[in-house]
Amino acid sequence: MFSISRFQQIIKPIMHGRFQKHVRKHQADKHTKGFGCQNLLTAMVYAQLGNCNSLRTLEQAFNSNSSHHYHLNVRSIRRSTVAEALAKRDTQPFTDMLGELMSTCSKTLRRETTDLLYLLDSTPVSLKGRGFDEWTGSNGRIKGLKIHVLMNHASDCPVAQSITDAAVNDIDEHHLVQPEKGATYVFDKGYCDYNWWAELDEAEACFVTRLKANAAVNVIDSFTPSENILADEHIRFKHRKNSNRVNLCYGKTLRRITVKREGKAPLVLLTNNLKADAQEIAATYKQRWQIELLFKWLKQHLKLKRFLGRSANAVKLQLLCAMIAYLLLKLYHQSIQTTDSLHLLAARISNGLFERLQTLYAYHAGWL
Numbered sequence: 001m002f003s004i005s006r007f008q009q010i011i012k013p014i015m016h017g018r019f020q021k022h023v024r025k026h027q028a029d030k031h032t033k034g035f036g037c038q039n040l041l042t043a044m045v046y047a048q049l050g051n052c053n054s055l056r057t058l059e060q061a062f063n064s065n066s067s068h069h070y071h072l073n074v075r076s077i078r079r080s081t082v083a084e085a086l087a088k089r090d091t092q093p094f095t096d097m098l099g100e101l102m103s104t105c106s107k108t109l110r111r112e113t114t115d116l117l118y119l120l121d122s123t124p125v126s127l128k129g130r131g132f133d134e135w136t137g138s139n140g141r142i143k144g145l146k147i148h149v150l151m152n153h154a155s156d157c158p159v160a161q162s163i164t165d166a167a168v169n170d171i172d173e174h175h176l177v178q179p180e181k182g183a184t185y186v187f188d189k190g191y192c193d194y195n196w197w198a199e200l201d202e203a204e205a206c207f208v209t210r211l212k213a214n215a216a217v218n219v220i221d222s223f224t225p226s227e228n229i230l231a232d233e234h235i236r237f238k239h240r241k242n243s244n245r246v247n248l249c250y251g252k253t254l255r256r257i258t259v260k261r262e263g264k265a266p267l268v269l270l271t272n273n274l275k276a277d278a279q280e281i282a283a284t285y286k287q288r289w290q291i292e293l294l295f296k297w298l299k300q301h302l303k304l305k306r307f308l309g310r311s312a313n314a315v316k317l318q319l320l321c322a323m324i325a326y327l328l329l330k331l332y333h334q335s336i337q338t339t340d341s342l343h344l345l346a347a348r349i350s351n352g353l354f355e356r357l358q359t360l361y362a363y364h365a366g367w368l
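The opening residue of the sequence shown carries number 1 in my numbering; numbering runs sequentially from there.
And the structure:
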């Protein structure tokens, strides 16, 4: 039997050239003096999964397992070197690697399903204090950044992402959606753009969102409500223009569904799906909370509140590495076929990333 560390198993998708391909493309290791992007990524993924709250704890924890560094093709780290790398390394190879992992994860975990439901939302990352105030913006509620994510419902994995200033409106990042015929996209009122909705409809994709209370519409047909459905109507927008722009949804028949909620105001949904049952539409919108759970998981279990650097580049790199670590953990979770939740798996391995595991497959896969 041959031994391999749990950390090596987790990071295998970024070893042996996959990440280096992106590094070479952008010439990101030019003038790095030995501590290249591969070293930085490995250290940052370790920091995320190993609950390292500072550069000092990262240095001590990582270097205490120096006997394993040879197999990872990295070396011992110094916190001053990591700090400099976070401030200066090009973020594009990390962005490209994240995109490759999102594609891999989505295909791997969605292989046995035909679910084409996608969830779109953003979450704020609050950044306050010395070092942050010089470059962060504010949207009136939070000061910092936003992470925008398009998530596949079936795989529970992001398929597209962007990191922007907090002042950027959610609708400005709707380009994360590349409309897929037959797919359904769920998003909240922050993505209100009638012309974009028309684009989704023209691509033969469905959308489910919330309709703003001041939307001017005409009711074309009404249908008998059922159970918690207060109203089910076909509507059309009244005006050819909206905010001095041509309304491309004008003339299209859409569907407004009013859903009863206990102790709360009714939920008014809008969709271009005219065939599905109203209860099914309501259930589809309810799935949007899955992306909220993803954001909650990332903030609770990864380093999205405490940062190892305070420059814009350092923060963006840490956010990218956090999402890379999440996807690597998802792939590892799937590969070992455990019934434990991702939360329990993360908790179990967080303090034993360099624990030696016994596996013949490691030798044949070429990791040792």
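Note that CB positions come from ideal geometry on N, CA and C, so glycine has one too.
Host beta strand (DSSP E) of residue i (start-end)
i, result
"F223", "V217 to F223"
"C398", "The structure shown does not extend to residue 398, since the chain is modelled only from 1 through 368, so no value can be given for it."
"T91", "First-last for T91: undefined, no H or E at that position."
"H148", "K143 to N152"
"C157", "C157 to D165"
"V168", "Counting along the chain, V168 falls outside any beta strand (DSSP E), and DSSP gives it neither H nor E."
"V177", "Element bounds for V177: n/a, residue is neither H nor E."
"L269", "L267 to T271"
"Y185", "T184 to V186"
Under 7 Å between C-beta atoms of residue i and residue j
i, j, result
"R310", "G131", "yes"
"H22", "D90", "no"
"M44", "C321", "yes"
"L72", "T42", "yes"
"L101", "L327", "yes"
"T209", "L230", "no"
"N247", "R240", "yes"
"V186", "Y285", "yes"
"A160", "L176", "yes"
"A278", "D232", "yes"
"C417", "W197", "Only positions 1 to 368 of the chain appear in this structure, which leaves residue 417 out of reach."
"G144", "V125", "yes"
Cutoff 6 Å; reference residue i; Cβ partners in own chain excluding five residues on either side
i, result
"I14", "none"
"D201", "N272"
"K316", "T91 and I163"
"H364", "Note that H364 has pLDDT 45, beneath the 50 cutoff, so the model's placement of it is unreliable and the number below is only indicative. No residues qualify anywhere along the chain."
"K12", "none"
"V78", "In the sequence as presented, Val is not what sits at residue 78; that position holds Arg. Closer than 6 Å at Cβ, skipping near neighbours: no residue."
"W135", "A312"
Rounded straight-line distance, which links the Cα of residue j to that of residue i
i, j, result
"L120", "N53", "30 Å"
"R18", "A325", "15 Å"
"H153", "D340", "20 Å"
"L40", "D29", "11 Å"
"R6", "S66", "15 Å"
"R348", "Y332", "13 Å"
"E173", "E227", "36 Å"
"L150", "G99", "12 Å"
"A276", "R236", "18 Å"
"A282", "Q20", "45 Å"
"K146", "Q48", "19 Å"
"H31", "N242", "52 Å"
"D170", "H148", "8 Å"
"L55", "I336", "31 Å"
"C157", "W297", "12 Å"
"E292", "K181", "25 Å"
"A203", "R24", "36 Å"
N-terminal and C-terminal residue of the alpha helix (DSSP H) that residue i is part of
i, result
"T284", "A278 to K286"
"Q290", "W289 to H301"
"T117", "Per the sequence shown, the amino acid found at residue 117 is Leu instead of Thr. Premise fails: L117 lies in the beta strand (DSSP E), L117 to S126, not in any alpha helix (DSSP H)."
"Y70", "H69 to L72"
Neighbourhood of residue i by C-beta, 7 Å cutoff - its chain only, sequence neighbours within 5 removed
i, result
"E199", "P179"
"S76", "N63, S66 and H69"
Own chain residues within Cβ distance below 8 Å of residue i, not counting five before or after
i, result
"H68", "S5, F7, Q8 and F354"
Min CB distance residue i to chain B below 7 Å
i, result
"S311", "Of the chains in the structure shown, none is chain B; there is only one protein chain."
Which runs of the alpha helix (DSSP H) at least 4 residues long sit entirely within the segment 333 to 358? Give them in chain order. Runs of the alpha helix (DSSP H) spanning 4 or more residues and lying entirely within the segment 333 to 358 occur at 342 to 349, in chain order.
Quick one: complete beta strand (DSSP E) runs, 3+ long, within the segment 199 to 262? 206 to 210, 217 to 223, 229 to 237 and 254 to 259
Sequence ranges, alpha helix (DSSP H) only - wholly within the segment 4 to 45, length at least 4: 6 to 10 and 18 to 26
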